[in-house]
Amino acid sequence: MNSRNDICEIKCIHEDAVAEVKNIMIDEHLAGQLADFFKAMADPGRVKILYALKNRELCVCDLAAITNATDSAVSHQLRLLRTMKLVKNRRDGKIMYYSLADGHVESLFSQGLEHLNE
Numbered sequence: 358m359n360s361r362n363d364i365c366e367i368k369c370i371h372e373d374a375v376a377e378v379k380n381i382m383i384d385e386h387l388a389g390q391l392a393d394f395f396k397a398m399a400d401p402g403r404v405k406i407l408y409a410l411k412n413r414e415l416c417v418c419d420l421a422a423i424t425n426a427t428d429s430a431v432s433h434q435l436r437l438l439r440t441m442k443l444v445k446n447r448r449d450g451k452i453m454y455y456s457l458a459d460g461h462v463e464s465l466f467s468q469g470l471e472h473l474n475e
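Residue numbers (my numbering): 358 to 475.
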């Protein structure tokens, strides 16, 4: 490998390895969905919201106070996170509470933090 450019110095296709991985490669649609999933977490404001919700269920006003953002900005971010199935909501009277959608989201978020702290 050419360490300067991170490319091979010779062109060598390992046909068996290529065939094996091509056989199990995800399709374009799923690859796009996964990219969008990660894009949803590619904003510091949304990351703060997810971190807060990782710790407990909260309403928009609470999230706004925690993240130093407006209710409107938090509500907009929550709509996007809900569309991406990262958060869910429940109504209690006039108050809408938000939490992480499921254990997969919490696990993925926790693993990302753990990776960064290594």
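Every residue gets a Cβ at the ideal spot worked out from N, C-alpha and C, and that includes glycine.
- Boundaries for ASN362: no beta strand (DSSP E) harbours it, and the DSSP string shows neither H nor E there.
- Ranking GLU385, LYS442, MET382 and ASP363 by CA distance to the CA of MET398 puts LYS442 first.
- Listed in chain order, the beta strand (DSSP E) runs fully inside the segment 418-455 are 444-449, counting runs of at least 3 residues.
- For the options LYS445, GLY402 and ASP449, the alpha carbon positioned closest to that of THR427 is the one of GLY402.
- Taking a contact to require three or more Cβ pairs closer than 8 Å, the segment 415-434 and the segment 452-465 qualify as touching.
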